[in-house]
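Trainee:
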Amino acid sequence: VKTAKSCKKYRTVKRHAGIYTYQEPPHSNSDDDIGEEKAESHDPEQIFQNIQYQKEIMSNIRCRPWPMRQKLRALRQAKEIVLKYEGRLTRTRGYQAAGAELWRKFIRLAYNFVVIFIPWEMRIKKIESHFGSGVASYFIFLRWLFGINIVLTIMTGAFVVLPELLAGAPFGSTVSKTIPKEHIASAQDLDTIWLWSLQGYLQYSVLFYGYYGHDRKIGKAGYRLPLAYFLVGMAVFAYSFIILLKKMAKNSRMSLASASDENYTFCWRLFCAWDYLIGNPEAAESKAAAIVNSIREAILEEQEKKKSKNLAVTISLRIIANILVLLSLAGSIYIIYFVVDRSQRLERSKKELTLWEKNEVSVVVSLITMIAPSAFELVAALEMYHPRTTLRFQLARVLVLYLGNLYSLIIALLDKVDSMSVTDSDVNTNASNSTTFLATKTLSKDDNLSTTIPDVQIQRNGIVALEESRTQDLMVSDSLVNKTVSFNYNTQNPQDQCWETYVGQEMLKLSIIDMIFTVASILLIDFFRGLCVRYLSDCWCWDLESKFPEYGEFKIAENVLHLVYNQGMIWMGAFFSPCLPAFNVLKLIGLMYLRSWAVLTCNVPHQQVFRASR
């Protein structure tokens, strides 16, 4: 059986190997160790396998149970084959290896070139190496929102703002694009157009809904601006929804894929974490810091698994903590609704509002947004969860707080708009009734039919004025009207301002004040606090770096949810203020540079480092 098998193998080798393969005699027993020959002579892989086979024959020729003549013949033929084809194979494989190395270098250079065009990539990598993946996830999320707002800005600018500027009715041609005469004198004042009210020329500009005309078609091409405005508004929400679903699906797949990394955690981090392509000392330092942070994360994970807890005390503390959180959420919603209602009452009762009264709503909402997450963090200390679980609960609570604030603000503003429209209708009705009554009263008082009946004119501020013609008795009627009918000075005619413009003003004002509070909190809480700790620690009674106030840590949950809250304001106000996404792009750029500077100069890494939850 073995002889027949050897003959068959011999014929196969002779047919496929050609002139360069040694042909063993039929009685050889070494063919049991030979694999099947499978390629033609021009295949480099097949040539390499045959050369290896011939070298094996040369090294084991003494052990072969062959006659001496056969051994010499086989050795000579093997040497000829190796000398003939090894040089050719070496050159081929050398060219292949050199080409592969050049291709790898090209890919790396291309990647480094592409990284230059990725916004803030090196800045984020530097932060990640020193503060871990949790802090870096905030800046990655900020960059992602920046990209979304760039797309929203292009959509609204290309299809709504630019057509209105190029083909729409010019400024001053319609009522919605004309500043009232009594407001022209203060239309360019800083306190009018800037933070305090966003009125004047800003109110009658492309920033807000009321500026855009109601004509079905504009320009020579017949561009349908109202239809485009509606479709772009729907497209903004559709694009945001789709991109959110795509991102969530991608993150869920990455989370499932990263579950396999839980096995042999320390071995992977200790022996396989280094990047041997690093040639820059600064990059090596950053990579070493990143590895240290990842090992700290793994150590904390193991420590948290071994903690023993008193179940009864833990459950009681968690119940108390959740009750406090629910009370805080309900209180924030009530305060926002109360402040909006109070501002409405002040506008009705006072002729001139103070600076605080004009911005009371936006300031209170921003204060709640800034203070409540810190209160939630103190409450979370009672629950004694794992740091990652604490982060998730904090994210959920702050998210509910921000969404509740936004929805309660929108509902309160719409309720205020509804009451303003009811007040306007009552004003017009009372004014017309009072005018009819006074005209009848004048006719019955003067029996002389030649007395001229004065004209009746209703002014913008709602005061009924009677023009004198001949008799002085009508002065009494005029004073009677002023005493009988009194209207609010601040109540605007619907022609002056539509309610959509009012809501857009409030959302833009809220975004501006939120930006101011963010900058102030970074400077006060991080920068000046860091200065005090750095320069007063040597002359203080205790060590300021290890005890109160110490250097600040970057609060991941609050800052990430603050971005969500900010983007929620943009989505809610984009329909009423088409330029709001463009303003948010500028805001996010400033926030990226300011936050990254504060993190690298004023903050320290967390004492408890844990992996970021996507």
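Numbers given in the working numbering equal positions in the sequence shown, counted from 1, plus 501.
From the three backbone atoms N, C-alpha and C, an ideal C-beta is built for every residue, glycine too.
These figures come from a predicted structure and were not determined experimentally.
1. For V1034 and E1051, which I take to be in contact (beta-carbon distance under 8 angstroms), what is that distance rounded to the nearest angstrom?
2. Using 8 angstroms as the threshold, is the region 1001–1010 in touch with the region 1064–1084, meaning 3 or more CB pairs across them?
3. Less than 7 angstroms between the C-beta atoms of A659 and G720, yes or no?
4. Could you spell out the range, first to last residue, of the alpha helix (DSSP H) harbouring M1093?
5. Would you check if the region 813–824 and the region 871–886 touch, i.e. whether three or more CB-CB distances between them fall below 8 angstroms?
6. Please report the straight-line C-alpha distance between F549 and A774, rounded to a whole angstrom.
7. Does DSSP put I1053 in a helix, a strand or coil?
8. Which residues in the same chain have their Cβ closer than 7 angstroms to the Cβ of Q555, if we skip the five residues on either side of it in sequence?
9. CB-CB under 7 angstroms to I651, same chain, minus the five flanking residues each way: which ones, in chain order?
10. Taking buried to mean at least 16 other C-beta atoms within 10 Å of its own C-beta, is R577 buried or exposed?
11. A637 and I649 - do their beta-carbons sit closer together than 7 angstroms?
12. Look at the Cβ atom of D471, then the Cβ atom of S867, and state whether they are nearer than 7 angstroms.
13. Could you check what DSSP says for Y702 in three-state terms: helix, strand or coil?
14. To the nearest angstrom, how far is the alpha carbon of K678 from that of T657?
15. Under the assumption that G714 contacts T675 (Cβ atoms under 8 angstroms), give the Cβ distance between them as a whole number of angstroms.
16. Exposed or buried, what is P671 when buried is set at 16 or more other beta-carbons lying within 10 Å of its beta-carbon?
17. Leaving out five residues on either side along the sequence, give the residues of the same chain with a beta carbon under 7 angstroms from the beta carbon of N1104.
18. Going by beta-carbon coordinates alone, are V734 and L830 separated by less than 7 angstroms?
19. Look up Y724 in the DSSP assignment and give the residues it is bridged to.
20. So for K807, helix, strand or coil by DSSP?
21. Assign I743 to buried or exposed, taking buried as 16 or more other Cβ atoms, counted over all protein chains shown, within 10 Å of its Cβ.
22. What runs of the alpha helix (DSSP H), each 4 residues or longer, lie entirely inside the region 1008–1044?
23. For the alpha helix (DSSP H) that contains A882, what are its first and last residues?
24. Mind checking Y705: buried by the 16 CB within 10 Å criterion, or exposed?
25. What does a CB cutoff of less than 7 angstroms around V899 pick up in its chain, not counting 5 residues either side in sequence?
26. Got a sec, what are the start and stop residues for the alpha helix (DSSP H) A774 sits in?
27. May I ask which residues mark the beginning and end of the alpha helix (DSSP H) holding P620?
28. Could you compute how far the alpha carbon of L1095 sits from the alpha carbon of I1023?
29. So the candidates are E802, R717 and F731; which of them puts its Cα closest to the Cα of Y710?
30. Using the rule of at least 16 other Cβ atoms within 10 Å of the residue's Cβ for burial, across every protein chain shown, is L1089 buried or exposed?
31. Taking only three categories from DSSP, how would you classify Q689?
32. With a CB to CB cut of under 6 angstroms and the five nearest residues on each side skipped, what residues in its chain are close to I792?
33. Which stretch, first to last residue, makes up the alpha helix (DSSP H) that contains V814?
34. Do A790 and S630 have their CB atoms nearer than 7 angstroms?
35. Count the other CB atoms within 10 Å of the CB of M1070; is the residue buried (16 or more) or exposed (fewer)?
Mentor: Considering the structure as presented:
1. One-based indexing of the sequence shown puts residue 1034 at position 533. One-based indexing of the sequence shown puts residue 1051 at position 550. Sure, about 6 angstroms apart at Cβ, within 8 angstroms.
2. yes
3. Translated into positions along the sequence shown, residue 659 becomes position 158. Translated into positions along the sequence shown, residue 720 becomes position 219. No, the Cβ-Cβ distance between A659 and G720 is not below 7 angstroms.
4. By 1-based counting over the sequence shown, the position of residue 1093 is 592. Residues L1081 to C1103.
5. yes
6. The count along the sequence shown starts at 1 and reaches residue 549 at position 48. The count along the sequence shown starts at 1 and reaches residue 774 at position 273. Each residue's alpha carbon lies about 35 angstroms from the other.
7. Mapped onto the sequence shown, residue 1053 falls at position 552. Here residue 1053 turns out to be Gly, not Ile, going by the sequence shown. Here G1053 sits in strand by DSSP.
8. If you number the sequence shown from 1, residue 555 lands on position 54. So the list reads Y523, A579, I582 and V583, once near-sequence residues are dropped.
9. On the sequence shown, residue 651 is found 150 positions in, with the first residue counted as 1. Excluding sequence neighbours, I651 sits near V1086.
10. Against the sequence shown, residue 577 aligns to sequence position 76. Looking at its Cβ environment, which holds fewer than 16 other Cβ atoms inside 10 Å, R577 is exposed.
11. One-based indexing of the sequence shown puts residue 649 at position 148. One-based indexing of the sequence shown puts residue 637 at position 136. Between I649 and A637, the C-beta spacing is not below 7 angstroms.
12. A query on residue 471 cannot be resolved here, the shown segment of the chain reaching from 502 to 1115 and no further.
13. Along the sequence shown, one-based indexing puts residue 702 at 201. Coil at Y702, not helix or strand.
14. Taking the sequence shown and counting its residues from 1, one reaches residue 678 at position 177. Taking the sequence shown and counting its residues from 1, one reaches residue 657 at position 156. So the alpha carbons of these two residues sit roughly 20 angstroms apart.
15. For the purposes of this step, residue 714 is taken as the residue at position 213 of the sequence shown. For the purposes of this step, residue 675 is taken as the residue at position 174 of the sequence shown. 7 angstroms between Cβ atoms; contact.
16. The residue given as residue 671 occupies position 170 in the sequence shown. Per the 10 Å Cβ criterion, exposed.
17. For the purposes of this step, residue 1104 is identified with residue 603 of the sequence shown, where counting begins at 1. The answer, listed in chain order, is D1027, Y1052, G1053, E1054 and F1055.
18. Your numbering for residue 734 matches position 233 in the sequence shown. Your numbering for residue 830 matches position 329 in the sequence shown. The displayed chain sequence assigns Gly, not Val, to residue 734. Result no, Cβ atoms of G734 and L830 do not sit closer than 7 angstroms.
19. The residue given as residue 724 occupies position 223 in the sequence shown. Answer by DSSP bridge pairing, in chain order: I719.
20. On the sequence shown, residue 807 is found 306 positions in, with the first residue counted as 1. The answer is coil: DSSP assigns K807 none of H, G, I, E or B.
21. In the sequence shown, counting from the first residue as 1, residue 743 sits at position 242. Looking at its Cβ environment, which holds fewer than 16 other Cβ atoms inside 10 Å, I743 is exposed.
22. You should have 1030–1037.
23. Stepping through the sequence shown from its first residue, residue 882 is reached at position 381. Per DSSP, A882 belongs to no alpha helix (DSSP H) and is neither H nor E.
24. In the sequence shown, residue 705 corresponds to position 204, counting from 1. By the neighbour-count rule (16 or more Cβ atoms within 10 Å), Y705 is buried.
25. On the sequence shown, residue 899 is found 398 positions in, with the first residue counted as 1. The answer, listed in chain order, is P874, F877, A1058, E1059 and L1062.
26. Your numbering for residue 774 matches position 273 in the sequence shown. First-last for A774: undefined, no H or E at that position.
27. Locating residue 620 in the sequence shown gives position 119, where the first residue counts as 1. Looking at the DSSP string, P620 is not in any alpha helix (DSSP H), and its letter there is neither H nor E.
28. Here residue 1095 corresponds to residue number 594 of the sequence shown, with the count starting at 1. Here residue 1023 corresponds to residue number 522 of the sequence shown, with the count starting at 1. The alpha-carbon atoms of L1095 and I1023 are separated by roughly 8 angstroms.
29. Stepping through the sequence shown from its first residue, residue 710 is reached at position 209. Residue F731 is the option with its Cα nearest to Y710.
30. Numbered from its first residue, the sequence shown carries residue 1089 at position 588. The residue in question, L1089, is buried, as its Cβ has 16 or more Cβ neighbours within 10 Å.
31. Counting from one through the sequence shown, the residue named residue 689 turns up at place 188. In the structure shown, Q689 adopts coil according to DSSP, grouped into three states.
32. Residue mapping note: residue 792 aligns to position 291 of the sequence shown, counting from 1. Only A774 meet the Cβ criterion.
33. As a working mapping, residue 814 is identified with position 313 in the sequence shown. Boundaries of the alpha helix (DSSP H) harbouring V814: L812 to S850, taken from the DSSP string.
34. Counting from one through the sequence shown, the residue named residue 790 turns up at place 289. Counting from one through the sequence shown, the residue named residue 630 turns up at place 129. Cβ distance < 7 angstroms, so A790 and S630 count as in contact.
35. Taking the first residue of the sequence shown as position 1, residue 1070 is located at position 569. So M1070 counts as buried.
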